[in-house]
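So the sequence shown is numbered by the numbering used here: it starts at 457 and just counts up by one.
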Amino acid sequence: MPSTPPPVPSSINVQLDHASHRGASTLPLRFLAHDVDLAANVGALFRIADALGVEHLHLTGSSPLPPDPKIRRSARSAERHVAWSHAADPLAVVAQLKAQGWRIVALELSTHSVALHALAVAPGERICLVLGAENAGVSPALLAAADATVHIPMRGHNSSMNVANACAIATYEIARRLGG
């Protein structure tokens, strides 16, 4: 018969079971990922979406799609729990989202971008975060279609970071301000 571990004194900091530490719902937040090249990055986007309460992942263009073993591996099966869709044309998705009242926010360093922390976000606002290809970034057409463009202020010598890492930072900040 397995033995029961002794109780842990409340003064000791112990890791919690992740299954018992889940949020109750999703936020009015979506991703549109266009032409993301690497399946591992798409998987990471699913994992971020699941962890931070993103309600839908729009994969567009040539982005890899589930089922893909590399997506599943980096997503840790989160692709089973996050709603997603695929469309060839990202601008058609943007037009549909705008017609439904979504604010389109591109994540890219550009001539019109503002620092992420300066983005005005109203609690409960519906936001779709647009992400671009690893090497090319967000396309000029998507930048032009966006309602706002944000960048992550960086202190190092490199002016860019991995799309999934940047997405995680931006999503956490936006979700926090949406009330998540």
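Ideal Cβ positions, reconstructed from N, Cα and C, are used throughout, including at glycine.
Source: prediction; values computed, not measured.
Checklist entry - What separation, rounded to the nearest whole angstrom, lies between the Cα atoms of Leu-592 and Ala-571? => result The displayed chain sequence assigns Ala, not Leu, to residue 592. Taking the CA atoms as reference points, Ala-592 sits about 20 Å from Ala-571.
Checklist entry - Do the segment 606-617 and the segment 487-495 touch if we need at least three Cβ pairs shorter than 8 Å? => result Verdict: no, contact absent.
Checklist entry - Which residue spans inside the segment 573-597 form an unbroken beta strand (DSSP E) run of at least 3? => result 583-587, all fully within the segment 573-597.
Next on the checklist: Given this structure, state the Cα-to-Cα distance separating Lys-526 from Arg-486, to the nearest angstrom.
Outcome noted: Lys-526 and Arg-486: Cα-Cα distance of roughly 22 Å.
Next on the checklist: To test your reading of the DSSP string, which unbroken beta strand (DSSP E) runs of 3 or more residues are found completely within the segment 495-519?
Outcome noted: Residue ranges of uninterrupted beta strand (DSSP E) with 3 or more members, entirely inside the segment 495-519 and ordered along the chain, are 510-516.
Checklist entry - Count the other CB atoms within 10 Å of the CB of Asn-469; is the residue buried (16 or more) or exposed (fewer)? => result The residue is exposed, with fewer than 16 neighbouring Cβ atoms inside 10 Å.
Checklist entry - Going by other Cβ atoms of all chains shown within 10 Å of its Cβ, with 16 needed for buried, is Ser-530 buried or exposed? => result Answer is buried; the Cβ neighbour count reaches 16.
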